[in-house]
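For the sequence shown, my numbering assigns the number 1 to the initial residue and increments by one for each residue that follows. Here a beta-carbon is modelled for each residue, glycine too, at the ideal position from N, C-alpha and C. None of the values given here were measured: they were computed from a predicted structure. Below: the structure, in structure tokens.
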Amino acid sequence: MSDPRIARLRLIRTAGIGPITYRQLIARFGSAEEAIAALPDLAARGGGRAPRVVDPTVAEREIAAVEKLGARYLFLDDADYPPLLAELDNAPAAMTVRGDIGLARRTTVAMVGARNASAAACRFARGLAVELGREGVVVVSGLARGLDSAAHLGSLATGTIGVIASGIDIAFPPENRDLQEQVASEGLLIAEQPPGMEPLARNFPHRNRIIAGLAIGTLVVEAAPKSGSLITARLANEAGRDVMAVPGSPLDPRAQGCNQLIREGATLVQSAADILESIRPIDARMVRSPGSDFAAMPPAEPGDADRTLIAGLLGPVPVATDELIRQSGLPSAVVATILLELELAGRLERHAGGRVSLT
1 MSDPRIARLR LIRTAGIGPI TYRQLIARFG SAEEAIAALP DLAARGGGRA
51 PRVVDPTVAE REIAAVEKLG ARYLFLDDAD YPPLLAELDN APAAMTVRGD
101 IGLARRTTVA MVGARNASAA ACRFARGLAV ELGREGVVVV SGLARGLDSA
151 AHLGSLATGT IGVIASGIDI AFPPENRDLQ EQVASEGLLI AEQPPGMEPL
201 ARNFPHRNRI IAGLAIGTLV VEAAPKSGSL ITARLANEAG RDVMAVPGSP
251 LDPRAQGCNQ LIREGATLVQ SAADILESIR PIDARMVRSP GSDFAAMPPA
301 EPGDADRTLI AGLLGPVPVA TDELIRQSGL PSAVVATILL ELELAGRLER
351 HAGGRVSLT
């Protein structure tokens with residue numbers, strides 16, 4: 001019997017097939033093998049040619065590299081896939097992990113902030129992480145220098161999760177190599193990118209969505225305007241998670257992002273007690289599902305008139321999928337199928353917030 005991971009990785013690593021598309025393909029066809037076989041027909045209906053699927057030997061080499069590193073794969077429909085992360089529409093279809101995956105099923109708070117954080121902020125973040133750990137809360141961060149490092153150091157003994165933008169074998173920044181190894185051996189290390197992948201700038205927002213998705217709430221300790229930490233906070237808010245921020249001096253640019261978040265409604269945090277008070281009611285309402293099964297996509301066979309209608313509603317400006325459904329009057333399953341066909345044909349681009357546009 002062939003290794004089912006091979007077909008999954010071939011589909012996941014194929015250019016043009018992102019997490020949302022992968023999820024829809026599996027929901028519709030039931031397996032990666034069936035989805036791969038259906039790609040040419042789907043793309044033809046969308047008016048283009050199917051993307052070239054990754055060769056099986058490429059997937060086999062990646063699997064061997066992951067095993068050699070002492071890591072393993074975590075696929076979206078695995079029983080131990082983090083349930084909060086699985087709630088995201090664009091949850092990673094596959095991740096490589098090292099360490100205790102059980103940490104991701106516990107109450108988790110994300111703690112992020114500036115790479116050039118002040119000494120006072122780092123000390124405060126480390127102290128918060130220690131106190132949260134005593135209360136059984138796991139801390140997740142991005143293993144960057146500054147605030148992230150302080151958060152991990154404070155929570156190593158009680159439960160910490162590090163999410164990186166590179167392959168699981170790449171340490172960035174290099175000075176955090178020992179800390180990254182500690183997180184992997186004493187906590188949990190997660191990477192969405194394949195082994196050997198360097199931390200490219202475009203992958204950091206993807207990493208940030210994992211950090212926000214794993215957590216019941218996200219705390220920003222110190223951040224300048226337009227920083228990556230504010231991206232994480234925005235993603236947490238879009239996912240319906242709690243957003244918290246530590247106030248700072250208006251004279252310090254590194255505090256402006258936090259102060260801005262508080263003005264926009266984020267919970268003001270001055271102690272671990274404030275965090276616990278904010279997340280406990282939410283934590284009590286969270287339903288921890290035993291697995292992350294794909295919801296089957298209802299069968300839908302759009303007609304040519306349906307495809308023409310949706311194509312006419314689309315343009316270069318991103319529009320919400322819900323708006324396409326409302327304006328077209330078509331069933332959501334039909335609209336989803338047409339968008340899938342267009343994407344596989346290379347004619348559609350997906351954007352944040354469930355929006356789409358023609359390429």
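Should residue i go down as buried or exposed, given a rule of 16 or more other Cβ atoms within 10 Å for buried?
i, result
"Leu143", "buried"
"Pro360", "Outside the displayed range of the chain (1 to 359) lies residue 360, so it cannot be described from this structure."
"Ala284", "Low per-residue confidence applies at Ala284: pLDDT is 49, beneath 50, and the placement is therefore not dependable enough to give any value."
"His351", "exposed"
"Val138", "buried"
"Ile12", "buried"
"Gly265", "exposed"
"Gln256", "buried"
"Ser292", "Its pLDDT being 45, under 50, Ser292 is placed unreliably in this model, and the value from its coordinates should be taken loosely. With 16 or more Cβ atoms within 10 Å of its Cβ, Ser292 is classed as buried."
"Leu339", "buried"
"Asp3", "exposed"
"Asn116", "exposed"
"Gln24", "buried"
"Pro40", "exposed"
"Ala37", "exposed"
"Gly353", "exposed"
"Glu192", "buried"
"Ser185", "exposed"
"Thr337", "buried"
"Pro316", "exposed"
"Leu200", "exposed"
Closer than 7 Å by C-beta to residue i: which residues in its own chain qualify, once you throw out the five before and the five after it? Chain order, please.
i, result
"Val334", "Ala300, Pro302, Asp306"
"Leu69", "Ile168, Asp169, Pro195"
"Val269", "Leu219, Met244, Ala245, Val246, Ile275"
"Gly228", "Phe204, Asn208"
"Leu324", "Ile310, Leu313, Val335"
"Ala150", "Cys122, Ala125, Arg126"
"Leu241", "It is worth fixing the name first, because residue 241 is Arg in this sequence and not Leu. Excluding sequence neighbours, Arg241 sits near Ala212, Ala215, Ile216, Gly217, Thr218."
"Pro82", "Ala104, Arg105, Leu214"
"Pro56", "Ile6, Arg10"
"Gly46", "Glu341, Leu342, Leu344, Ala345, Arg347"
"Ile231", "Pro205, Asn208"
"Val287", "Any answer about Val287 is weak, because its pLDDT of 44 lies below 50 and its placement is not dependable; what the coordinates show is given next. Nothing meets the Cβ criterion."
"Ala157", "Gly133"
"Phe29", "Ala35, Ala38"
"Gln182", "Leu156"
Please go through the same chain and pick out, in chain order, the residues whose beta-carbon is closer than 6 Å to the beta-carbon of residue i, but skip the five residues on each side of it.
i, result
"Leu42", "Glu341, Leu344"
"Leu85", "Ala91, Gly213, Leu214"
"Asp80", "Ile101"
"Glu349", "Ser357, Thr359"
"Ser155", "Ala129, Gly133, Val139"
"Ala171", "Arg177, Gln180"
"Ala93", "Ile12, Pro19, Tyr22, Leu76"
"Gly16", "Pro51"
"Gly248", "Ala255, Cys258"
"Ala65", "Pro195"
What does DSSP give as the partner residue(s) for residue i in the beta ladder?
i, result
"Met111", "Leu219"
"Ile190", "Val97, Val163"
"Arg355", "Ala320, His351"
"Leu340", "Leu340 is not bridged to any residue."
"Phe75", "Ala94"
"Thr267", "Met244"
Are residue i and residue j touching if we call contact CB-CB under 8 Å?
i, j, result
"Asn208", "Leu189", "no"
"Leu132", "Ala272", "yes"
"Ile164", "Ala104", "no"
"Gln260", "Pro225", "yes"
"Ala27", "Ala7", "no"
"Gly159", "Gly187", "yes"
"Gly136", "Thr107", "yes"
"Leu147", "Ala121", "yes"
"Val97", "Ala125", "no"
"Arg347", "Ala320", "no"
"Ser141", "Met95", "no"
"Ser166", "Arg254", "no"
"Pro174", "Arg145", "no"
"Leu88", "Ala239", "yes"
Please return the same chain residues whose Cβ sits closer than 8 Å to the Cβ of residue i, not counting the five positions on each side in sequence.
i, result
"Glu62", "Leu9, Arg13, Pro194, Pro195"
In chain order, each alpha helix (DSSP H) run of at least 4 residues that lies wholly inside the segment 137-181:
As far as the segment 137-181 is concerned, its whole alpha helix (DSSP H) runs of at least 4 residues are 147-155.
In chain order, which continuous runs of the beta strand (DSSP E) of length 3 or greater are located wholly inside the segment 209-263?
The segment 209-263 contains these whole beta strand (DSSP E) runs: 217-220, 242-245.
My parser needs the alpha helix (DSSP H) runs of 4 or more residues fully inside the segment 18-72; what are they?
Segments of the alpha helix (DSSP H) lying fully in the segment 18-72: 19-29, 32-45, 56-68.
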